[in-house]
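Following this note's numbering, the numbering of the sequence shown begins with 577 at its first residue and continues without gaps.
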Amino acid sequence: MVYAIVKAGGRQEKVSVGDIVVMNSIEAKAGDTVELPALLLVDGEKVTTDAAKLAKVKVTAEVVRDEKGPKIVILKYKNKTGYRKRQGHRQSLTRLKVTGIK
Numbered sequence: 577m578v579y580a581i582v583k584a585g586g587r588q589e590k591v592s593v594g595d596i597v598v599m600n601s602i603e604a605k606a607g608d609t610v611e612l613p614a615l616l617l618v619d620g621e622k623v624t625t626d627a628a629k630l631a632k633v634k635v636t637a638e639v640v641r642d643e644k645g646p647k648i649v650i651l652k653y654k655n656k657t658g659y660r661k662r663q664g665h666r667q668s669l670t671r672l673k674v675t676g677i678k
């Protein structure tokens, strides 16, 4: 089984061909192809961690769609002063499908 550990949106993800990865939003439209930097490559029993060899490894992914994450509610409250502040946030995300590891 071939898989790679890639850097995706500030996090590390374990991916193989056909996997779906959700990462922080990137500047790409649906259908575009992006390349993710590999940090580790496992090909059966062979593990590659050498930076010079990993520079030649290409992990390609296709942008499926842009989406938003779950809503997070931020509430600030101070006792006895009448101070209340409510705020919400939804993170912008991009869904990718891994198409190849070469």
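Beta carbons: idealized from backbone N, C-alpha and C, even for Gly.
Counted within 10 angstroms of its Cβ, other Cβ atoms place residue i as buried (16 or more) or exposed
i: Val582; result: buried
Same chain only: Cβ atoms within 8 Å of residue i, ignoring 5 sequence neighbours per side
i: Asp595; result: Lys673, Val674
DSSP state of residue i mapped onto helix, strand, coil
i: Asp608; result: coil
i: Glu603; result: coil
i: Thr670; result: strand
Residue j beta carbon less than 9 Å from that of residue i
i: Thr670; j: Val639; result: yes
i: Val598; j: Leu612; result: no
i: Gly620; j: Asn600; result: no
Sequence-distant residues of the same chain with beta carbon closer than 7 Å to residue i, five excluded per side
i: Lys629; result: none
i: Thr636; result: Thr609, Glu611, Thr675, Gly676
i: Tyr641; result: The residue asked about is misnamed: residue 641 is Arg in this sequence, not Tyr. For Arg641, where only same-chain residues beyond five positions count, the Cβ hits under 7 Å are Ala606, Arg671.
For the stretch 627-652, which segments carrying the beta strand (DSSP E) assignment without a break, of at least 3 residues, lie completely within its bounds, in sequence order?
-> 635-644
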